[in-house]
DNA sequence: CTGTGAATTATTCATTTGACCAGTAATCAT
DNA sequence: ATGATTACTGGTCAAATGAATAATTCACAG
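Protein chains in written order, with our numbering: chain L, 1 to 220; chain C, 1001 to 1220.
1) Report yes if the CB atom of residue 1132(C) is closer than 8 Å to the CB atom of residue 189(L), and no otherwise.
2) So with CB distances below 7 Å, who are the chain C contacts of residue 169(L)?
3) Use the C-beta contact count for residue 157(L): other C-beta atoms within 10 angstroms, 16 or more gives buried, fewer gives exposed.
4) Once you ignore the five residues that flank residue 44(L) on each side, which residues in its own chain have a CB closer than 7 Å to its CB?
5) To which residues of the same chain is residue 165(L) closer than 6 Å at the C-beta, ignoring the five residues directly before and after it?
6) Taking residue 1065(C) as the reference, give the member of 1080(C), 1079(C), 1049(C) and 1201(C) with the closest Cα.
7) So, is the C-beta of residue 1049(C) closer than 8 Å to a C-beta in chain L?
8) Taking only three categories from DSSP, how would you classify residue 1165(C)?
9) Around the Cβ of residue 23(L), are there at least 16 other Cβ atoms within 10 angstroms (buried) or fewer (exposed)?
10) Does DSSP classify residue 156(L) as helix, strand or coil?
11) At least one CB of chain C closer than 8 Å to the CB of residue 191(L): is that the case?
12) Below 7 Å on C-beta distance, what does residue 1138(C) contact in chain L?
13) Check for me: the alpha helix (DSSP H) holding residue 41(L) runs from which residue to which?
14) With three or more C-beta pairs closer than 8 Å as the rule, is the segment 1188-1205 of chain C touching the segment 182-199 of chain L?
15) Do you know how far the Cα of residue 1084(C) is from the Cα of residue 1028(C)?
16) Taking the continuous alpha helix (DSSP H) assigned at residue 1074(C), which residues delimit it?
17) Once you ignore the five residues that flank residue 77(L) on each side, which residues in its own chain have a CB closer than 7 Å to its CB?
18) If residue 109(L) sits next to residue 213(L), beta carbons under 8 Å apart, how far is it from one beta carbon to the other, in whole angstroms?
19) Would residue 150(L) count as contacting chain C if we go by Cβ distances under 8 Å?
20) Roughly how many whole angstroms lie between the Cα atoms of residue 1102(C) and residue 1219(C)?
21) Residue range of the alpha helix (DSSP H) that residue 121(L) falls in?
22) Which same chain residues, not among the five before or five after residue 153(L), have their C-beta less than 6 Å away from its C-beta?
23) Ignore the nearest five residues each way along the sequence and tell me which others in residue 210(L)'s own chain have a CB closer than 7 Å to its CB.
24) Closer than 8 Å, CB to CB, is residue 92(L) near chain C or not?
25) Residue 217(L) bridges to which residues according to DSSP?
26) Buried or exposed, going by whether 16 or more other CB atoms sit within 10 Å of the CB of residue 91(L)?
27) Quick check: the Cα distance between residue 55(L) and residue 42(L), rounded to an integer number of angstroms?
28) Please state if the CB of residue 57(L) and the CB of residue 1182(C) are separated by a distance shorter than 8 Å.
29) Between residue 222(L) and the rest of its own chain, which residues show a CB-CB distance below 8 Å, the 5 nearest in sequence each way excluded?
30) What separation, rounded to the nearest whole angstrom, lies between the Cα atoms of residue 203(L) and residue 117(L)?
31) Is residue 64(L) helix, strand or coil when you go by DSSP?
32) Could you work out which residues of chain C lie near residue 45(L), taking near to mean beta carbons separated by less than 7 Å?
33) So, under 8 Å CB-CB, residue 1088(C) and residue 1115(C) are touching, yes? Tell me the CB distance rounded to an integer number of Å.
34) Go ahead and pull the three-state DSSP assignment for residue 1113(C).
35) For residue 150(L), count neighbouring Cβ atoms within 10 angstroms of its own Cβ and tell me buried if that reaches 16, exposed if not.
36) Put residue 1188(C) into one of helix, strand or coil per three-state DSSP.
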């Protein structure tokens, strides 16, 4: 990582002669934010650069200018998606530093549910690539997921040390946990049509977090 | 439902002068089967009729001929998806008729996990439509999901009567259950790349079923 | 101020996509 | 058998899509 010189650092700025303008960074951000939503809703092939540009309120040619092509825009979107996740959890973990191990485990589980409710794109993004093992999925695992899985395992180790974790292999617990926590928010519109309940309300998030916690942890 | 005259009955055959040929039904089936996979992998906009036709080994024009347009093909695919689900569970429920209530609950939970492992398209199909509340999602809920949800609730009622169910509202338990059971199979390729475990193996399915059962049911 | 490089726009291009249609082959009722 | 009806084929069309290009506006370093 080069120390200074503009954030994101996605375009190769080793040959740059001028600092990127604030205006450019703003549109870049705008495009990436919109792209995250579009890709997670429509998938890579389904999301069109024109639609993304229109939603973002920018000219379509700017996508080529800032990201070279659709593939690179997709990668930039994934980078942001996981950067958000990392930042959010890094802040939390610091705040919970002085809590004891057992409560920290509970806080992590509950906060993951809360995060999933605020970022339903996360799971949907994975679903778009997760079945067919194309090159994008490989890139996603190698560049982002593989770094997070060990962190999850560390949490499981703590929970086991406190005798509070349900029995099962790490892999199964991981996907059961992610699925149980996120699916209701990834399918929020369906949920509301089907049951009348909007899962995005504070009350509903809290209820779901409580349920997921109870599912993962054994009764004391 | 008209009693006789050809299965599926999707095209308006009220004016038909001849019974549909076996050949036609075969290609129809072939197209629908392929469409289920394509739609669940790529979404409605991402899946192209040409790609579906090529995968199915039929001429692209046949899709228009048999289904009028892409939208109708999508509906036919959903119809088959849920027909498979209904048939499978109807057969199981009959086989478990003489089992006592508690074991029947356990069998249903475990079998749902098994079904999700054999049909990872199911959840993926929902995910493709479940966030944005478009007309397709509405159609899906009204024509299929709304009929299944009460059946799930009946199972929950049985489980509660036996004091074996985790505490929580029906809606939350529903989505936590579906997500916990299906996600690992919907993301099977990701799972294998990330952890080295292929979730589709018999051993893995059994382990996951056991875990999901333990997550939903309280220890006796 | 000013000139240079970056950001943005408008336009174009080769492909692709869903749908359509005319023509042919297969199948069935009689 | 044979004529009517359905199933299928190959090709075409207008609309769209990702990308490229040229022209224009903008911001900043000197």
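Every residue, glycine too, gets a C-beta built ideally from N, C-alpha and C.
Taking the definition as stated:
1) Sequence index remark: in the second chain, residue 1132(C) carries index 132 (1-based). Sequence index remark: in the first chain, residue 189(L) carries index 189 (1-based). Going by C-beta atoms, residue 1132(C) is nearer than 8 Å to residue 189(L).
2) Numbered from its first residue, the first chain carries residue 169(L) at position 169. Neighbours of residue 169(L) on chain C, chain order: 1207.
3) Stepping through the first chain from its first residue, residue 157(L) is reached at position 157. The residue is exposed, with fewer than 16 neighbouring Cβ atoms inside 10 Å.
4) For the purposes of this step, residue 44(L) is taken as the residue at position 44 of the first chain. Excluding positions up to five away in sequence, the list reads 74, 128 and 136.
5) Translated into the one-based positions of the first chain, residue 165(L) becomes position 165. So the list reads 159, once near-sequence residues are dropped.
6) Residue mapping note: residue 1065(C) aligns to position 65 of the second chain, counting from 1. The option with the nearest alpha carbon to residue 1065(C) is 1049(C).
7) Indexing the second chain from 1 puts residue 1049(C) at position 49. Taking Cβ atoms only, chain L never reaches closer than 8 Å to residue 1049(C), which makes this a no.
8) Numbered from its first residue, the second chain carries residue 1165(C) at position 165. Strand, per DSSP.
9) Translated into the one-based positions of the first chain, residue 23(L) becomes position 23. Exposed, by the Cβ-count rule.
10) As a working mapping, residue 156(L) is identified with position 156 in the first chain. Correct three-state label for residue 156(L): helix.
11) As a first step, residue 191(L) must be located in the first chain, where it is residue number 191. Yes, its Cβ sits closer than 8 Å to a Cβ of chain C.
12) Residue mapping note: residue 1138(C) aligns to position 138 of the second chain, counting from 1. Result: 193.
13) As a first step, residue 41(L) must be located in the first chain, where it is residue number 41. Counting along the chain, the alpha helix (DSSP H) containing residue 41(L) begins and ends at 22-46.
14) no
15) Mapped onto the second chain, residue 1028(C) falls at position 28. Mapped onto the second chain, residue 1084(C) falls at position 84. Going from the Cα of residue 1028(C) to the Cα of residue 1084(C) covers about 16 Å.
16) To locate residue 1074(C), count along the second chain from 1; it is residue 74. Per DSSP, residue 1074(C) belongs to the alpha helix (DSSP H) from 1070-1095.
17) Start at 1 with the first residue of the first chain, and residue 77(L) comes out as number 77. Counting only Cβ-Cβ distances below 7 Å, and skipping sequence neighbours, we find 32, 35, 36 and 39.
18) Here residue 109(L) refers to the residue found at position 109 of the first chain. Here residue 213(L) refers to the residue found at position 213 of the first chain. Sure, about 5 Å apart at Cβ, within 8 Å.
19) Looking up residue 150(L) in the first chain gives position 150. False, the Cβ-Cβ gap to chain C never drops below 8 Å.
20) Translated into the one-based positions of the second chain, residue 1102(C) becomes position 102. Translated into the one-based positions of the second chain, residue 1219(C) becomes position 219. Those two C-alpha atoms are separated by around 13 Å.
21) As a first step, residue 121(L) must be located in the first chain, where it is residue number 121. Unbroken alpha helix (DSSP H) run through residue 121(L): 121-130.
22) Against the first chain, residue 153(L) aligns to sequence position 153. Within the same chain, residue 153(L) has close Cβ partners 170.
23) Residue numbering aside, residue 210(L) sits at position 210 when the first chain is read from its first letter. Nothing meets the Cβ criterion.
24) Your numbering for residue 92(L) matches position 92 in the first chain. No, residue 92(L) does not count as interfacial toward chain C.
25) Taking the first chain and counting its residues from 1, the one referred to as residue 217(L) is at position 217. Paired residue(s): 165(L).
26) In the first chain, the residue the question calls residue 91(L) occupies position 91. Exposed, by the Cβ-count rule.
27) For this step, residue 55(L) is matched to residue 55 along the first chain. For this step, residue 42(L) is matched to residue 42 along the first chain. Taking the straight line joining both Cα atoms gives about 14 Å.
28) As a first step, residue 1182(C) must be located in the second chain, where it is residue number 182. As a first step, residue 57(L) must be located in the first chain, where it is residue number 57. No, the Cβ-Cβ distance between residue 1182(C) and residue 57(L) is not below 8 Å.
29) The structure shown does not extend to residue 222(L), since chain L is modelled only from 1 to 220, so the question has no answer here.
30) Position 203 of the first chain holds residue 203(L). Position 117 of the first chain holds residue 117(L). If I take the Cα positions, the gap works out to 12 Å.
31) Here residue 64(L) refers to the residue found at position 64 when the first chain is read from its first residue. DSSP places residue 64(L) in helix when its eight states are reduced to three.
32) Here residue 45(L) refers to the residue found at position 45 when the first chain is read from its first residue. Correct list: 1042 and 1046.
33) The residue you call residue 1088(C) lines up with position 88 of the second chain. The residue you call residue 1115(C) lines up with position 115 of the second chain. With 8 Å as the limit, residue 1088(C) and residue 1115(C) qualify as a contact, their Cβ atoms being about 6 Å apart.
34) Looking up residue 1113(C) in the second chain gives position 113. Residue 1113(C) falls in the helix class under three-state DSSP.
35) Taking the first residue of the first chain as 1, we reach residue 150(L) at position 150. By the 10 Å Cβ count, residue 150(L) comes out exposed.
36) Taking the first residue of the second chain as position 1, residue 1188(C) is located at position 188. It is helical.
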